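Worksheet: the structure to be examined is printed underneath.
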Amino acid sequence: MGFFEKIKNSLIKTKTAMAATIGGIFDSFTGANEEFFEELEESMILADMGVETSCKAVELLRERVKEQRLRGGEEIHNALKDILVEMLDVGDTSLKLDTKPSIVLVIGVNGVGKTTTIGKLAHHFTAQGKKVLLCAGDTFRAAAADQLEIWAERSGAQIVRQHEGADPASVVFDGISAAKARGTDIILCDTAGRLHNKANLMNELNKISRIVDRELPDSDKEVLLVLDGTTGQNGLLQAKQFKEIAGVTAIALTKLDGTAKGGIVISVADTLQIPVKYIGVGEQMDDLMPFEARAFVDALI
114 MGFFEKIKNS LIKTKTAMAA TIGGIFDSFT GANEEFFEEL EESMILADMG
164 VETSCKAVEL LRERVKEQRL RGGEEIHNAL KDILVEMLDV GDTSLKLDTK
214 PSIVLVIGVN GVGKTTTIGK LAHHFTAQGK KVLLCAGDTF RAAAADQLEI
264 WAERSGAQIV RQHEGADPAS VVFDGISAAK ARGTDIILCD TAGRLHNKAN
314 LMNELNKISR IVDRELPDSD KEVLLVLDGT TGQNGLLQAK QFKEIAGVTA
364 IALTKLDGTA KGGIVISVAD TLQIPVKYIG VGEQMDDLMP FEARAFVDAL
414 I
């Protein structure tokens with residue numbers, strides 16, 4: 114099944130909700146008047162694109178309708194899709210992992226599917242013939258390393274872990290040392306999802322980053338933020354905080370098959386100006402998919 118078909122099937126809740134709103138607006142289209150634009154803006158907000166992003170998209174559509182003298186509902190519909198694709202185009206949607214080793218720090222609050230995302234990434238890369246090592250840096254959550262070990266076995270990746278409560282930075286150091294010795298292609302590091310306060314989390318992530326910069330100064334490094342798509346605008350607030358703390362370079366949005374508000378993908382990319390690189394659309398190993406903006410928008414609207 115191709116990306117478009119899989120996304121279309123997985124976003125059925127969002128697609129149904131948007132068909133009843135945006136689709137209905139275009140079905141009953143009588144002209145690009147003020148009422149049309151107001152209804153369109155409201156329906157986009159209901160799809161969790163956020164007030165700011167929805168207003169921006171509609172304003173761009175107004176300008177395009179006027180400049181290009183668009184009249185028909187279909188050509189205005191297509192113009193809207195083009196605008197949404199452009200709003201998603203905020204950078205390369207593939208992870209830059211060209212060095213050996215390369216490293217991905219995976220961050221996000223507990224419960225968003227961080228460990229599962231790492232496991233699926235490991236499966237994705239090992240299927241490409243890459244040698245992958247998982248680093249169990251979330252030593253604060255009970256059973257986090259155990260879960261990661263299960264994913265390592267499923268995906269055929271190696272794992273480095275320590276005891277619960279160990280210093281996460283020391284686990285990352287051990288992981289990097291092991292990766293160098295074993296000729297690893299990609300290191301995937303789990304990190305703590307929550308510490309006692311924001312300052313502690315920031316200090317922990319900074320400490321890990323310093324270890325990575327010192328031990329792998331010339332290696333490609335990505336900081337992948339995992340967000341739960343079902344949390345909508347709350348997820349966006351989390352993302353803003355992590356962007357400040359950790360220098361996020363990429364986003365993975367999970368659980369999009371379980372929400373009627375898949376518009377959060379557009380809101381996150383546009384508001385943060387950080388590319389969405391993966392979306393999670395189910396529980397299977399291959400249900401974490403590299404993101405394609407045009408196919409996503411076509412499936413959504």
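Residue numbers (the numbering used here): 114 to 414. Glycine is no exception: its CB is placed at the ideal position from the N, C-alpha and C atoms. Since we're looking at a predicted model, the values are computed, not measured.
| Check | Outcome |
| --- | --- |
| Candidates ILE263, GLY250 and GLN386: closest to VAL325 by CA position | GLY250 |
| Reduced DSSP category for ARG165 - H, G, I as helix; E, B as strand; rest coil | Checking the sequence, you will find Glu at residue 165 rather than Arg. If DSSP states are grouped into helix, strand and coil, GLU165 belongs with the helices. |
| Buried versus exposed, by CB contacts within 10 Å (16 or more), PRO403 | exposed |
| Meets three-Cβ-pair contact criterion under 8 Å: the region 328-344 and the region 216-228 | yes |
| Run of the beta strand (DSSP E) containing LEU301, from where it starts to where it stops | 299-303 |
| Boundaries of the alpha helix (DSSP H) in which SER380 is found, first to last residue | 377-385 |
| 8 Å Cβ cutoff met for ALA291 and LEU246 | yes |
| The region 191-204 touching the region 227-238, judged by at least three CB pairs closer than 8 Å | no |
| For THR384 and THR239, the rounded distance between their alpha carbons | 33 Å |
| Bridge-paired residues (DSSP) for ALA363 | LEU337 |
| Inter-residue Cα distance where the pair is ILE189 and LEU401 | 32 Å |
| CA nearest to the CA of GLY348, picked from ASP370, GLY224, GLN260 and THR362 | GLY224 |
| Cβ contact (3+ pairs, closer than 8 Å) linking the region 383-398 and the region 356-364 | yes |
| Near the ligand NAD: ILE414 beta-carbon under 7 Å from a heavy atom | In the structure on display, the ligand NAD does not appear, and there are no ligands present to speak of. |
| Buried or exposed (CB count within 10 angstroms, at least 16 for buried), GLU176 | exposed |
| Beta-carbon separation (whole angstroms), LYS368 vs ASP341, contact threshold 8 Å | 5 Å |
| ALA270 (DSSP reduced to helix, strand or coil) | coil |
| Sufficient close CB pairs (3 or more, under 8 Å) joining the region 287-305 to the region 268-276 | yes |
| Other residues of its chain near SER207: CB distance less than 8 Å, five sequence neighbours each side excluded | LYS390 and PRO403 |
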